[in-house]
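To start, the structure under review is shown below, and the notes come after it.
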Amino acid sequence: MDVNLANLPADEKQKIELDKQAAYAVWKVVNNQAPQTLYQQEASALVDWQREVYLASVEKYRAQPDAFIIPEAASPE
93 MDVNLANLPA DEKQKIELDK QAAYAVWKVV NNQAPQTLYQ QEASALVDWQ REVYLASVEK
153 YRAQPDAFII PEAASPE
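By the working numbering, the letter at position 10 of the sequence shown is numbered 102, and the numbering carries on one by one without gaps.
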């Protein structure tokens, strides 16, 4: 199913952006690029419905932390 994201309503686009922001925040925390408090810091800058969407996405991605770990580079032999 092809979906042109540009044709989505503004609130749906915002939900996608919040989901991406949450995924990046989880990646940073899992890879020790940011403290655990990052989630609350970012959520505090959002309005109510955005905060709910963002925190739900954070929980979704925190449930699968292995997907966010940077693999170790293979040493050349």
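Heads up, the beta-carbon is just placed ideally off N, CA and C, and yes, glycines get one too.
Item: Contact under 8 Å by Cβ, L138 with Y146; Value: yes
Item: Closest Cα partner of E151 within the set V122, E164 and I162; Value: V122
Item: Contact check, Y153 vs A98, beta carbons under 8 Å; Value: no
Item: D111 versus S136, L100, D94 and R143, residue with shortest Cα-Cα distance; Value: R143
Item: I108 versus A159 - alpha carbon distance; Value: 19 Å
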